[in-house]
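Just so you know, we're using the numbering used here here: the sequence shown kicks off at 1144 and counts up by one. The next block holds one structure in the form of structure tokens; read it before the comments.
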Amino acid sequence: MQSYWERETLRHFDLIVVGGGIVGLSTALFYAESHPNSRIAIMERGLFPEGASTKNAGFACFGSIAELKHDVQSMGAERTIELVQKRFS
């Protein structure tokens, strides 16, 4: 026999995401944008994410200055600016 909380806690969600790191939150955000009336739950083991998003395996990088300089030299400033703008849109 299950308690009320065991029966009802996770029943009424359209999407349950396991992990509140970069990938989990991005998944939930993308889903919410394409399904605005949905109910989404994000499950995280602790108070804060402690998995790959907080370690070297899951860093987010938009390019270092050296990479951007190389891009400008190889494809030109205008094309590099377009690519950087796409990263933030």
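C-beta atoms are modelled at their ideal positions from N, C-alpha and C, and glycine is treated no differently.
**Asked** Is the number of C-beta pairs between the stretch 1203-1218 and the stretch 1169-1189 that are closer than 8 Å three or more?
**Response** no
**Asked** Under a CB-based cut-off of 9 Å, is Ala1171 close to chain D?
**Response** Of the protein chains in this structure there is only one, and it is not chain D.
**Request:** Would you mind reading off the limits of the beta strand (DSSP E) that contains Leu1211?
**Result:** Premise fails: Leu1211 lies in the alpha helix (DSSP H), Ile1208 to Met1218, not in any beta strand (DSSP E).
**Message:** Which residue wins for smallest C-alpha separation from His1155, given the options Arg1222, Ala1220 and Ala1184?
**Reply:** Ala1184
**Prompt:** Which class does Leu1168 belong to by DSSP, given the choice of helix, strand or coil?
**Reply:** helix
**Request:** Put Leu1153 into one of helix, strand or coil per three-state DSSP.
**Result:** coil
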